[in-house]
Amino acid sequence: MSSLVGSVALNFSEEQSMLLDVARAFVRDKSPIDQVRAQLETPAGYDQGVWDEMVALGWTGIALPETVGGSALGFSAVIPVVEALGHGLLGTPLMDTTLAGQLLLRAGGAAQEATLAAIAAGEVATVAFLDGADWGAENTGVSLDDQGVLQGAKSFVGNAQVASHFVVVGNQNGSPILALVTRSTMSDDAFTTNTLIDLTKRSCRVDFSGVRPEQVINGEQVASAVRDYRLMGALLAAVEATGTGARCLEVIVDYLKTRKQFGKLIGSYQALKHPTVDIYCAVEDSRSFCYHAASIIEEGPLSTDAETACRMAKTSAGDMLVFAGDRAVQFHGGIGFTWDCDSTLFIRRAQWTQQVFGDAIHHRKRLASLLLD
Amino acid sequence: MSDSKAQLREFQTEVRAWMQANVPEPPPFLLPLSFLEVGTEQQLDFLREWQHKVWSAGYLGMHWPKEYGGQGADPAYQGIVDRELGAANAPIMFNTIGLGWVGPLLLEMGTDEEKAKYLKGILSGEEIWCQGFSEPDHGSDLGAVQTRAVRDGDDYVINGSKIWTTMGNYADHMILLARTDPTAERKYDGLSFFLSPMKIPGVDAVPIRKVTGEYGFNQVFFTDARIPASTLMLEEGKGWQVAMKTLEYERGVQAGQGTSHWAVSIQIDDLIDDLRGFERDGEPLFQDPSVRDQAVTLIMEAKALALSQRRMRLSGLTSDFPMGLPLSSKYRGTEWARRMKLFGTAMQGASSSLYIGDSDAHRGGFWQRAYFSNFGMTIGGGTTQVQANIIAEHVLGLPK
């Protein structure tokens, strides 16, 4: 086997298979396209009843230890659930909450048990990571002063509108820290809601200045945990995009099978047929990369193989969804140009996905160092 | 009965050591990348000698019967040899049509006399085989074969022409599909299958020059060529049946081939390692950000293809489109290979403009030739565009 290709481990466990079936059925039932559209302009962007059911199914604790009420199935078991959410364009805080849990688990271990238990029980948590718009920066600009008070703001904090717990990535005298902030200690005017290109997503700019965090985590493991959070975030974004891409492909194929022009079904024209095949192949590649990454991701600090896999997954899925969403609009012709066409949802999701946790150029640059140097 | 894992492992160690000691140094001329590309006497002599050596060591047709030159061993042994040939980057076993298609065909359907007459020469490399199926006017429509075979006493008289005949100019024998009965109600029933000699009067092989500038294919003309009636396989009118069986071997649907080592596999590692010596802007090539970006994309594609191969075996991850991954593997793999070789060609600075024959050409023009030659893969066996139609219609269910 080629050494540049590296690990091609690929497993699909019983648990993953079961979760995929359950999650697909759930999303089909709870998130038909009219429900997705009904949530586009609500403040939270999701239905509380649906979220409560997801929590009841145990999805907020899949990768958390049993000691905090999780089911300890590991991060790989989150993958099929997020893929299903992506397929249904179901915007909920599951990804943000899962990642906040993983960041705390990896940085603070047992000390964070109370917050992890709250997450497993369905309280929304989110990571406040970006200082500005640069996913490649260190993003530790928020600082903890000598009085134990935070100074600075964070951008694009996912689901900040509904979060009860914030894990703020910052610094104390130049060393990276995680500051744990609860919503109850903050005022409403700290939050400025973003108008996002993808209306199924929610985020805010949040000013943490003057806030006294409930806990501060410091030490060597913080930098390592933040690195892993960024990689696992990239993977979850890729997984969600893979589900969304598969759905986008279905929508395109359905239209190509039913729409007639010049007396023929438009799917018989090779100018539409061949790019659709390329979308199909790209969806399959993304799925392979995602489940490969899921197969090798570790409980401890991520290995170089896992890093490579996460970055490849994000690169593949990000580019795939941009292509699929773009072609979905074009292939629907006049109707594709309208708000009511579902391709609108895909092309908008694609723009949100391509940037989150770093775009394809960001990851290929880092893959080049991993593979070529 | 298959042999124990320990025996197979021991055998692998033995073969590996043999390869280390016996795989020849690359000659001063370029070797063919596959059996489709044997274009000079020099290449032919080199490859014939190498095949003979491997066979003499007992490593070819290992599962063919001993009386016909094989070893009568379990097929697993040949699998081990083939893997070690690949791992050692050994020159190919060039007599592929004999080893891969004719040999297994004769073992399954041939008479004892035919087996005794032909099999050993196939393995030793002493007798080269070619295939006469395609014709100039009927590319892949085999049922429409027009070459005529007319019985005349103890002979058949052959008239017509075959095209894309690999090694036709070197071959001793051809598996020939010809029409014995032009009046048959079904066109397939008028076809017969011959083990035709090639080095006889009335058979002319004219090499076809390829986009690479090299040879390998031929057009073969039959002009009142007389071949013995004993070269007919089965009986008249059974040609279609035998040809279809042959295609099963050709497409690898059936096992039994004398070896599978008929092409040099070029890995992405070969490409990256090979280009490291080049510079751009006075710095090593792979410090250039744009070059790095493109290299990563190619590596990712290689990984995606390898992961696809794995995923095909995980039914839980292929249930949405069960035939999708196998039906798209030629489409993906051959196009990726083309882009990879194009990258290898294009990253050599001004040296990209050199070609085979220039003593300064990097590796004798290896990447340039590999790129051109790869069109054989994206065109042969159903073009990329036909593959895309197949995927669209059979995987996605789009209309014809």
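Sequence order for the protein chains is S and V.
The first sequence begins at 154 in the working numbering and counts up by one.
The second sequence begins at 16 in the working numbering and counts up by one.
We put the beta carbon where it would ideally sit given N, CA and C, even for glycine.
All figures in this text were calculated on a predicted structure; none of them were measured in a lab.
Determine, using beta carbons only, whether residue i and residue j come nearer to each other than 8 Å.
i: F358(V); j: L320(V); result: no
i: A332(S); j: V310(S); result: no
i: F209(V); j: L249(V); result: no
i: A477(S); j: I514(S); result: no
i: L413(V); j: G211(S); result: no
i: V221(V); j: A193(V); result: no
i: V410(V); j: L332(V); result: no
i: P531(S); j: Q314(S); result: It is not possible to answer for residue 531(S), since the shown part of chain S is limited to 154 through 526.
i: T346(S); j: H318(S); result: no
i: Y133(V); j: A244(V); result: no
i: Q272(V); j: Y264(V); result: yes
To which residues of the same chain is residue i closer than 6 Å at the C-beta, ignoring the five residues directly before and after it?
i: H445(S); result: L163 and A462
i: G140(V); result: R63, Q66, H67 and N110
i: M16(V); result: Residue placement at M16(V) is flagged as unreliable, the pLDDT there being 47, under the threshold of 50; the coordinate-derived value follows with that caveat. Closer than 6 Å at the Cβ level, and outside the excluded window around M16(V), lies no residue.
i: V96(V); result: V30 and Y74
i: V221(S); result: E266, L269, A270 and A273
i: V189(S); result: L242
i: A105(V); result: V38
i: T261(V); result: W116 and L120
i: E142(V); result: G136 and D187
i: P329(S); result: T293, V375 and A376
Closest to residue i by CA distance: which of the options is it?
i: M182(V); options: M362(V), E251(V), D60(V) and L329(V); result: D60(V)
i: V509(S); options: P218(S), V203(S) and D249(S); result: D249(S)
i: D89(V); options: Y83(V), H78(V) and R98(V); result: H78(V)
i: W204(S); options: S224(S), E194(S) and A176(S); result: A176(S)
i: A317(V); options: D288(V), G158(V), D335(V) and E350(V); result: E350(V)
i: E291(S); options: G261(S), A316(S) and G327(S); result: G327(S)
i: R163(V); options: Q146(V), D288(V), I107(V) and P197(V); result: P197(V)
i: M465(S); options: A391(S), L193(S), P329(S) and G223(S); result: A391(S)
i: Q300(S); options: S340(S), E194(S), A447(S) and P366(S); result: P366(S)
So which residues of chain V does residue i contact, with C-beta pairs closer than 7 Å?
i: S441(S); result: A319, L322, S323 and R326
i: A273(S); result: Per Cβ cutoff of 7 Å: no residues; A273(S) is ~27 Å from chain V at best.
i: V404(S); result: Near V404(S) there are no residues of chain V at all, since even the closest Cβ is about 12 Å away, more than 7 Å.
i: F165(S); result: L329, G331 and L332
i: M207(S); result: Neighbours of M207(S) on chain V: none; closest Cβ ~22 Å, over 7 Å.
i: S229(S); result: Residues of chain V passing the Cβ test: none, with the nearest at roughly 13 Å.
Among residues of its own chain, excluding the 5 on either side of residue i, which ones have a beta-carbon nearer than 7 Å to its beta-carbon?
i: G87(V); result: P80 and K81
i: N184(V); result: A220, P222 and N233
i: M362(V); result: L290, F293, L300 and V306
i: A230(S); result: E168, Q169, L172, I215 and A216
i: W382(V); result: K356, G359 and T360
i: D239(V); result: V172, N174 and G217
i: P428(S); result: R480
What in chain S is Cβ-close to residue i, meaning under 7 Å?
i: T55(V); result: In chain order: nothing, as chain S lies at least about 31 Å away.
i: M213(V); result: Correct list: empty, because the minimum Cβ distance to chain S is about 40 Å.
i: P414(V); result: K410, L418, G420 and S421
i: D196(V); result: Ordered by position in chain S, no residue passes the 7 Å Cβ test against D196(V), which lies about 39 Å from the chain.
Could you spell out where the beta strand (DSSP E) holding residue i opens and where it closes?
i: F344(S); result: F344 to T346
i: I405(V); result: Unbroken run through I405(V) is the alpha helix (DSSP H), T399 to I405; no beta strand (DSSP E).
i: F319(S); result: H318 to Q325
i: L333(S); result: S328 to T335
i: I107(V); result: Note, I107(V): premise wrong, no beta strand (DSSP E); not H, not E.
i: V364(S); result: Taken as a continuous stretch (DSSP letters only), V364(S) belongs to no beta strand (DSSP E), as it is neither H nor E.
i: A278(S); result: A278 to A281
List the residues of chain S that residue i touches, going by C-beta distances under 9 Å, in chain order.
i: S343(V); result: V430, Y433, C434 and E437
i: N404(V); result: Q423, K426, H427 and V430
Give me, in chain order, the residues of the same chain whose beta-carbon lies closer than 8 Å to that of residue i; leave out the 5 immediate sequence neighbours on both sides.
i: C401(S); result: I432, L474, A477, G478, A481, S496 and F499
i: G363(S); result: V302, L303 and Q304
Between which two residues does the alpha helix (DSSP H) carrying residue i extend?
i: L238(S); result: V231 to H240
i: R326(V); result: P304 to R326
i: F476(S); result: T457 to F484
i: W351(V); result: G339 to A361
i: L226(S); result: No alpha helix (DSSP H) holds L226(S); DSSP gives it neither H nor E.
i: A159(V); result: Segment: none, A159(V) is in no alpha helix (DSSP H) and carries neither H nor E.
i: F387(V); result: F381 to S388
i: N37(V); result: K20 to N37
i: L172(S); result: E167 to K183
i: G254(V); result: G254 to E265
In chain V, which residues lie less than 9 Å from residue i when you measure between Cβ atoms?
i: Y444(S); result: L322, R326, L329 and L332
Whose Cβ in chain S lies nearer than 8 Å to the Cβ of residue i?
i: G339(V); result: Y433 and E437
Determine the chain V residues that contact residue i at a beta-carbon separation under 8 Å, and present them in chain order.
i: R400(S); result: Those do not exist, as R400(S) stays about 11 Å from chain V at its closest Cβ, beyond 8 Å.
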